[in-house]
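Residue numbers (my numbering), protein chains in the order written: chain P, 1131 to 1511; chain B, 12 to 347. Everything on this sheet refers to the single structure shown next.
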Amino acid sequence: MRLLTLLKPELADWAALAVPDARSGGLRLQGGDAVGFTAVISHSAIAGTRLDRLLRTGNTDVVDGADALVQMLPYPALREELAGRGLDQLLAVGLNARGATLGALLLARRGGFDDEDVAFAARLAARAAVALDSARLYEERAQIATVLSGALRPPSLPDVDHVQLAARYRPAAEHIDIGGDFYDVLGSERDWLITLGDVSGKGVEAAAVTGRTRQSIRTAAHFDRHPAALLRALNSVLYQDGSDHFVTVLCAWMQVAPDGAHADVEVAAAGHPAPIVLRADGHVAQLEVYGTASGMVPDVEYRTVSVRLHRGDTMLMYTDGVDEAHGAQGLYGVDRLLALLPAYAGAAPDVVCEAVEQHVVEYVDGRPHDDIAMLALTCSD
Amino acid sequence: MFGLIADDRLPEYLRAVASRDATAMRSLMDRLLGDGADPVTVLTDVIATVQRDNGERWQRGEWTIAEEHAATAMAVAATKAVSRHVRLVPPTRGRVLVACAEREWHALPAMIIDCALRSDGWDSILMGAATSPVRLNQYLQDYGPEAVAVSCSVLGSLPATRRFIEASTAAGVPIVVGGPAFGRDDVRAKALGATAWAADAQDALVAVATLPAVVPPATPLPARAVSEQADLEHDHRRIVDVLASTWSVTADRRLGPADAEVAVDALNQLLHAVSAVLLTGDSRPVPETAAWILDVVVPRGLDRAVVGELAVAASAALQAYPLARAIVDTHFTDEL
């Protein structure tokens, strides 16, 4: 679009591009009167035309007259644009870069093009082609990365009867949207497993391990949802993996009472900060549960702690990006978190997560921070 | 209390907000939209209207911050329900990124804009609250959008919004801005180099539909103002500390703990307003903030003289920042 904007009106009154469209396998026509216009036509529609030839040879071609225009511009609406401007000559220049022809630049102008114009258009096309080719290469790489990272983004949360769930994720490398923290919620009806964890390290490499960890947890949970057994299995798998990364995980197995009046949660921790329980009356406490981080040593046993959540009670699970956030006054710390929460007693988990996220990010005040993940669950009606 | 808008769906909506029950809110929205209500009207005349009133209640001290958050959560639940509804139909137009710059934590207006754009056929992508320019750049490259829409509620986010404008226009992508921080006309938006300004969600739809395809990079802002604003931002906390120790309201602890936080926040707001004036050349944010501080402190039992006292304290605290100091000296009392 930028190229087309530059060309008009200095070099041409009308300009369009014809480039192969990777997605559809057809030919994309872009520009004309409106730089934003695009249309895709099939390759068979241009078979044997002068445009087809130019796209194969990469040469420059000037076509004159309505009949010849059909050969070079196989799209009636664009030909009408030319006719409307009283133009019937078209200069077509191959876009050649790095040994390949990427497409064609089509130009028209009142008074036609002399030899000097054609030579200038060819030089310009050569430069534009290199830029377009770089953009194409970059776009392909970006496409691969986008698809792969899509699988590593945090999942959307399921709807659970009688319990509201909310989560937040702010990776250290915010622009890539993925990082070493993860969470997952699986289960059905009244029986749920909620996990939240942190792979050592940051960025893409850590993100790749989160994908494996989440999958291992899902598989293990298929056989046994008891947190202690699950963390034991995960530890073995990650240890045998022999990866340099270790993983800290919180694992909460939640059973919701049939009438929704309460939920019983059994929690185990593998080297991870314990969850904080915020009661509806504002009382706040961190659970006491410890355990070795996953993937460091073989055969670890985990202990669990149980807690009953009543209506309006919230349990907040978080990663160390929260309590170890660095600000002007040192570490954010669990105490600041415990002091902040009572004001949000009885609030929806969304509200609690948002408040903590905002508080921590403002505390950090633009300094680099670790991945921040939070998951809160609140017993509701 | 809702001005001239008398939407007959308001009472039912207010009951749902008061119930604090997200599921009830979802079913109400599903029913309204299922009955054929226009999604954009529901967003602007019901959800946004009530939300403005929520903000005012907090300002008047009628609501605690947690109560305001809880009411906002209900508005978010309502907007999400509308969003789910409008996403049932595939998009028919190009991509638009909807974002808030750093220091902007009011995610709801952006959600509403995202939802309105989507219902108008745009393939909108919501980037959420407090987004860094680096992340916006990544999205500009990854998604190649036709436009960016930025919502800015707080003055403190205007400098970061300017960085969004630089990022977007550098990529040739036009950018529409709106929200209370821009005021009631396009002066600040133009000054910051935005392609267009939108007064509300309806206006944003018109603006996005009529943008140029490609825009040139935003022109640089006045160098002296930019450099002083950068200093001001860097020294923000220190200046607030100085102000808090000299203004009698904060220094003599004349308010309870919750209201004391509000008073310190007023100091933050004042400095952000000064920054906004530096960058946009529009002097109104400073007197408007002074008037806002008056509205906040008087219901909390303080004499209005404390606001005048703040002008003197601010002028002294800004001694090392000549442009900023001149702004306070000249404009602080314009509306008092």
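We put the beta carbon where it would ideally sit given N, CA and C, even for glycine.
CA-CA distance, residue i and residue j?
i: P/Q1416; j: P/G1401; result: 15 Å
i: B/W208; j: B/D293; result: 15 Å
i: P/E1211; j: B/R98; result: 35 Å
i: P/A1303; j: P/G1310; result: 10 Å
i: B/A171; j: B/L254; result: 24 Å
i: P/L1254; j: P/R1132; result: 13 Å
i: B/C111; j: B/F343; result: 28 Å
i: P/G1241; j: P/W1144; result: 12 Å
i: B/D246; j: P/T1422; result: 43 Å
i: B/A262; j: B/Q70; result: 22 Å
i: P/V1481; j: B/A81; result: 6 Å
i: P/G1425; j: P/V1329; result: 10 Å
i: P/D1321; j: B/D49; result: 39 Å
i: P/E1335; j: P/D1374; result: 11 Å
i: P/R1209; j: P/D1218; result: 9 Å
i: P/A1213; j: P/G1178; result: 24 Å
i: B/A236; j: B/A331; result: 14 Å
i: B/V317; j: B/A335; result: 21 Å
i: P/G1331; j: P/T1378; result: 11 Å
i: P/A1227; j: B/A234; result: 41 Å
i: B/V226; j: B/G189; result: 18 Å
i: B/T55; j: B/V184; result: 27 Å
i: B/V100; j: P/P1479; result: 30 Å
Quick check on this structure: which residue in the options has the alpha carbon closest to the alpha carbon of residue i?
i: P/V1494; options: P/V1339, P/L1461, P/L1505; result: P/L1461
i: B/C163; options: B/P233, B/R264, B/S143, B/A118; result: B/A118
i: B/A92; options: B/D125, B/G66, B/I76, B/A110; result: B/D125
i: B/G267; options: B/V308, B/P144, B/L169; result: B/V308
i: P/Y1406; options: P/V1200, P/P1472, P/G1242; result: Checking the sequence, you will find Ile at residue 1406 of chain P rather than Tyr. The option with the nearest alpha carbon to P/I1406 is P/P1472.
i: B/A224; options: P/R1153, P/Q1160, P/A1142; result: P/Q1160
i: B/A179; options: B/L147, B/L166, B/R199, B/A192; result: Strictly speaking, residue 179 of chain B in this sequence is Ser, with Ala absent from that position. Selected option, being the one with the closest Cα: B/L147.
i: B/A277; options: B/A89, B/V165, B/V198; result: B/V165
i: B/L108; options: B/V217, B/E320, B/F175; result: B/F175
i: P/D1263; options: P/V1430, P/Y1474, P/D1465, P/P1150; result: P/P1150
i: B/R106; options: B/R114, B/A86, B/D134, B/I123; result: B/D134
i: B/A284; options: B/V297, B/T291, B/L290, B/V339; result: B/V297
i: P/T1449; options: P/G1188, P/Y1313, P/A1338, P/R1466; result: P/Y1313
i: P/F1243; options: P/A1142, P/D1465, P/D1501, P/D1500; result: P/A1142
i: B/P59; options: B/P144, B/L25, B/G312; result: With the sequence shown as reference, residue 59 of chain B is identified as Ala, and Pro is not the correct amino acid for it. It is B/L25.
i: P/L1134; options: P/L1267, P/T1168, P/L1360, P/A1152; result: P/T1168
i: B/A220; options: B/A328, B/R104, B/V100; result: B/R104
i: B/E239; options: B/T230, B/D211, B/A287; result: B/A287
i: B/R315; options: B/L282, B/V260, B/Q213; result: B/V260
i: B/W116; options: P/L1505, P/A1506, P/E1487; result: P/E1487
i: P/A1198; options: P/L1507, P/L1181, P/R1186, P/L1360; result: P/L1181
Leaving out five residues before and five after residue i in sequence, what residues of the same chain have Cβ atoms less than 6 Å from its Cβ?
i: P/A1222; result: L1184, D1191, M1202, A1234, L1236
i: P/L1323; result: L1316, G1317, A1351, R1355, W1383
i: P/P1428; result: Y1369
i: P/S1510; result: Q1294
i: B/A202; result: T291, G292
i: B/A33; result: A88
i: B/A200; result: V188, F193, W208
i: P/V1339; result: V1329, H1375
Cutting at 7 Å between CB atoms, please list the residues of its own chain near residue i, excluding the five before and the five after it.
i: P/V1156; result: In the sequence on display, residue 1156 of chain P carries Gly and not Val. Only V1170, I1171, S1172, H1173 meet the Cβ criterion.
i: B/L137; result: V109, A121, M122, D125
i: P/G1412; result: P1472, A1475
i: B/G45; result: none
For residue i, which residues does DSSP report across the bridge?
i: B/I136; result: B/L108
i: P/H1456; result: P/L1461
i: P/C1509; result: P/V1293
i: P/G1341; result: BP columns for P/G1341 are empty, so no partner.
i: B/T142; result: B/A112
Who are the Cβ neighbours of residue i in its own chain at under 8 Å, not counting the five residues just before and after it?
i: B/T83; result: Q62, N65, L119
i: P/P1284; result: A1297, Y1299, F1312, Y1313, A1503
Between the stretch 1137–1159 of chain P and chain B, which residues of the former have a C-beta closer than 7 Å to a C-beta of the latter?
Those residues of the stretch 1137–1159 of chain P that come within reach of chain B (Cβ to Cβ, closer than 7 Å) do not exist; the list is empty.
May I ask you to list, following chain order, the residues of the stretch 1293–1326 of chain P that have a beta carbon less than 8 Å from some beta carbon of chain B?
The stretch 1293–1326 of chain P vs chain B, Cβ under 8 Å: Q1294, E1304, H1305, I1306, D1307.
Give me the subset of the stretch 290–303 of chain B whose CB atoms are less than 8 Å from a CB atom of chain P, sorted by chain position.
None of the residues of the stretch 290–303 of chain B has a beta carbon lying less than 8 Å from any beta carbon of chain P.
Residues, ordered as in the chain, of the stretch 1430–1458 of chain P that lie near chain B by beta-carbon distance below 7 Å:
Residues of the stretch 1430–1458 of chain P with a C-beta less than 7 Å from any C-beta of chain B: A1458, listed in chain order.
Any residues in the stretch 236–255 of chain B with a beta carbon nearer than 7 Å to a beta carbon of chain C? Which ones, in chain order?
The structure shown contains no chain C; its protein chains are P and B.
Contact residues within the stretch 1470–1483 of chain P, judged by C-beta distance below 7 Å to chain B
Answer in chain order: A1473, Y1474, A1477, A1478, D1480, V1481.
Please identify, using Cβ separations under 7 Å, the residues of the stretch 1157–1178 of chain P that lie next to chain B, in order along the chain.
Per Cβ criterion, the list reads V1165, G1166.
Cβ-based contacts, 7 Å cut-off: residues of the stretch 1267–1294 of chain P near chain B
Residues of the stretch 1267–1294 of chain P with a Cβ closer than 7 Å to any Cβ of chain B, in chain order: A1272, T1276, Q1294.
Contact residues within the stretch 191–219 of chain B, judged by C-beta distance below 9 Å to chain P:
If the cut-off is 9 Å between Cβ atoms, the stretch 191–219 of chain B has nothing near chain P.
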